[in-house]
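What follows is a single structure, written as structure tokens, with notes after it.
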Amino acid sequence: MLEQMRKQGASVFIWLIFGILIAVFVINFGPQSPGSSQGCSGGGKRTFLTVGETTVDDAAFRWAMNLIPGESDADRAAVAFESLIMRELLAQEADRRGLRVPDGYVDRVIADGKLHFQGALLQEGDTVLDFRRAFYNEDQFFDYTQFKRWVQNRGMSVASYKKQQNREILASLMGQILMGSVPASREEAMQSYIAKNTTVSFEAVRFDPRRYGDNLLVTDADLDRWAAAHEAEVKATYAADAWKGKKQVHVRRISLPKPADTDEAPAGQPPKADPAKTKLEGIKAAIEAGRTTFVAAAKASERDPQRAARGGEMGWHDEGAPNLNDPLLDEAAKKLERGKVSEIVETEEAYTILTIDDRREGDLTYDQVKRELAEPLAREAWGKEAAKRAALAALDAVKGKSLKDVFPAEKTGVIEKDFVDVPVQSGGGTGSAAAPETGTGTGTG
């Protein structure tokens, strides 16, 4: 009987343990659990990281992941963790020193279209990114609904977004304080003193071969002559594999610049016709009526002298992704049939019409692409020669004078265009090249 009671007690104990495990499982993983609504919740509920005594939730992690470029989730996650650790270390030091983000400051940052990340305003290169286009409506007023949608598309609520910005701003402020208070060693101070006190001031005129080459007016005949004279050099750049299976279109354009200033029509009257657009409509009509050709019209009217000299040529471009430097032009080119003229495309700076005068696909031979291969090589060679000639002419001009007499100070740093001869011995024709850069500087002595 005693043995039977022991067995019954053990059975009750086992069922008790089993019931406790079930309860723990339901509490942690049931519908009411903190992580169960993670997929649709905009606020952070799970702890992804602990820095000191501060926890960083999943909303902060999503925030960082969405702002870090790259294709590999693993790489982006690693950078996100590193950024959040650095942010929290800086923000915690700011908290310790009693620094606070003023009330309403985060709202002002949002209204200005700015965004703090990784201890600074979010930038692309040296340019601070402006998000007003995402936050503002067509009337250029802040639109809370539009802003909220933008935030929700990044997997968080507005409150969570403001919380992240608050921490980022604190980190930015603390980073600036630390950068401004870093002590310098005696060696660093000495190097700074030497750099500042053992220099000489000088004036210089730089003749940049690249700028001369880029601004030369080069014709197809120029390129054919150069390719024939430098056939081995051009062929060395031809890689047959790079030209297999290409499906491309040959594009030309006529582009007229918009007027710098246009007077608005008085209230109640129709808007004034833009003379540039009116002129381009006439050119388009003349081409379609057969009174002129696209090439002839481009030579007479195209705003870019280089393109005008070559009949508005924009070169060969992939049919599916023309990459004509403006999405509106890309869309117009994709819709074009060979020999047709596009509708007038209005971009920020100009009115433009396009045509496609040729198509090619399959494996392209050297003869089909030799002009494209020859052009950068020719421009580089001609640019060096043109820059050298301009420098020698300038050297003669400044004899007995100062650089400021020949190159006025008000033109310092300005690149202007002037017409020069393309070097004849290099196989070129006639073109335009950039004038030299004038400037002052310092050098260590």
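Quick note: the sequence shown uses our numbering, first residue 116, plus one each step.
For each residue, glycine too, the CB sits at the ideal point set by N, CA and C.
Nothing here was measured: the structure is a model prediction, and the numbers come from that model.
Reduced DSSP category for residue i - H, G, I as helix; E, B as strand; rest coil
i	result
F257	strand
L439	coil
I369	strand
G167	coil
D433	strand
E417	coil
V513	coil
V194	helix
A319	strand
V410	helix
K387	coil
D173	helix
T313	coil
V364	strand
G219	coil
For residue i, the nearest candidate out of the options (CA to CA)
i	options	result
A174	P298, G219, I183, Y276	Y276
A493	L371, A343, A506, P437	A343
L205	A489, Q233, P374	Q233
R486	S296, V333, A415, A388	V333
R368	V216, A388, R269, I402	I402
A179	T170, E197, S187	E197
R282	T169, V521, N440	T169
T350	Y481, R212, G328	Here the sequence assigns Lys to residue 350, which means Thr is not the residue at that position. Considering only alpha carbons, the answer is Y481.
Contacting residues, own chain, Cβ-Cβ under 8 Å from residue i (five flanking each side not counted)
i	result
Q363	W431, H432, D433, E434, R474, R475, E476
E458	A447, I468
G154	Legend: pLDDT at G154 = 36, less than 50; position of this residue unreliable, value from coordinates given subsequently. The answer is none, since no qualifying residue turns up.
D419	S370
Proximal residues to residue i (C-beta, below 6 Å), its chain only, five neighbours per side dropped
i	result
G150	Bear in mind that the predicted position of G150 carries a pLDDT of just 40, short of 50, making it too unreliable to give a figure here.
S148	Annotation note: pLDDT 40 at S148 (below 50); position unreliable, no value reported.
N143	Because the pLDDT at N143 is just 43, under 50, the model does not fix this residue reliably, and the value given afterwards should be weighed accordingly. None.
Short CB-CB distance (under 9 Å) between residue i and chain C
i	result
A388	Looking at the structure shown, chain C is missing, and only one protein chain is on hand.
Proximal residues to residue i (C-beta, below 7 Å), its chain only, five neighbours per side dropped
i	result
L288	A209, L214
| query | Using 8 Å as the threshold, is the stretch 184 to 200 in touch with the stretch 259 to 266, meaning 3 or more CB pairs across them? | reply | no
| said: Quick check for students: name the residue ranges of the alpha helix (DSSP H) that lie wholly in the stretch 442 to 490, counting only runs of 4 or more. | reply: 442 to 450
| Uninterrupted alpha helix (DSSP H) stretches inside the stretch 224 to 305 (no shorter than 4 residues) | 247 to 250, 259 to 267, 273 to 295
| query | If you pair each beta-carbon of the stretch 392 to 412 with each one of the stretch 298 to 311, do three or more pairs fall below 8 Å? | reply | no
| Segments assigned beta strand (DSSP E), at least 3 residues, entirely inside the stretch 328 to 360 | none
| said: Counting beta carbon pairs with one atom in the stretch 319 to 339 and one in the stretch 439 to 453, are three or more of them shorter than 8 Å? | reply: no
| Segment contact, 8 Å Cβ cut-off, at least three pairs: the stretch 396 to 411 with the stretch 496 to 506 | no
| Is it true that the stretch 238 to 258 meets the stretch 179 to 189, where meeting means three or more beta-carbon pairs spaced less than 8 Å apart? | no
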